[in-house]
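Taking our numbering, the leading residue of the sequence shown gets 189, the next gets one more, and so forth.
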Amino acid sequence: MKTYKNALILRLRMPVSDDLHSRNFVTKIAKYDRVVDIPNSNTILHDLLPASILLAEHQETGIYNFTNPGAISHNEVLALFKEYVRPDFTWKNFTLEEQSKVIKAGRSNCKLDTTKLVNKLAEYGYEVPEIHEAYKGCFQRMAAAGTK
């Protein structure tokens with residue numbers, strides 16, 4: 189970054205769109221046989237893509253954790269998905285130890301600090317919704333669009 193003082197780096201994590209595109213985090217975990225129930229930071233694109241334009245228009249630079257504030261577990265995501273989008277949806281859990289036996293590469297689980305992002309966007313009057321509220325909005329938009 190010292191060499192590129194005019195660069196803006198936005199660090200997304202587990203991106204979620206308002207559809208069930210194959211690259212959508214929700215689409216991926218909904219297809220798994222079992223999921224691990226650990227909280228993580230997520231990026232709800234509907235909320236954060238407009239923020240990326242705002243940061244670029246104001247010529248902001250630096251590195252930002254580009255996720256909604258807070259963390260949400262896979263079970264919480266899937267419970268909201270079931271509530272708003274697919275009422276008959278079911279899933280099973282397994283432990284980290286069980287997961288490590290069936291996947292080829294390890295997975296990272298983390299909650300990123302969004303203080304810098306939230307404070308910068310507040311300067312421009314833009315509020316980033318907390319992750320649980322952001323998911324509710326995302327799934328309500330999916331349901332309204334007839335996504336199943």
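The beta carbon of each residue, even a glycine, is placed where N, CA and C say it ideally should be.
Everything numeric in this text was worked out from a predicted model, so none of it was measured.
Determine the extent of the alpha helix (DSSP H) in which residue i is found, giving its start and end residues.
i, result
"N263", "H262 to Y272"
"E245", "L233 to E245"
Which residues share a DSSP beta bridge with residue i?
i, result
"R222", "K280"
"N228", "I260"
"P275", "Bridge partners of P275: none, in fact."
Indicate the three-state DSSP secondary structure (helix, strand or coil) for residue i in the structure shown.
i, result
"N307", "helix"
"R329", "helix"
"V316", "coil"
Output the boundary residues of the beta strand (DSSP E) element that contains residue i.
i, result
"D198", "Checking the displayed sequence, the identity of residue 198 turns out to be Leu instead of Asp. Run containing L198: L196 to R199, per the beta strand (DSSP E) assignment."
"G250", "G250 to N253"
Starting from the Cα of residue i, find the closest Cα among the options and give me that residue.
i, options, result
"F254", "M202, N212 and K280", "M202"
"K280", "L242, N212, D221 and S205", "D221"
"N194", "G250, A331 and K299", "G250"
"K304", "D276, T191 and R199", "R199"
"F282", "I197, A259, T231 and N263", "N263"
"A310", "K219, H246 and F213", "H246"
"T335", "T191, Y192 and V214", "V214"
"S296", "V224, H320 and Y314", "V224"
"E271", "I197, H209, M330 and H234", "M330"
"I319", "H234, A218 and I217", "H234"
Taking Cβ to Cβ, would you say residue i is nearer than 7 Å to residue j?
i, j, result
"V273", "F327", "yes"
"L238", "T302", "Reading off the sequence, residue 238 comes out as Pro, not Leu. No, the Cβ-Cβ distance between P238 and T302 is not below 7 Å."
"L300", "S229", "yes"
"L243", "Y323", "no"
"S261", "P317", "no"
"L196", "E248", "yes"
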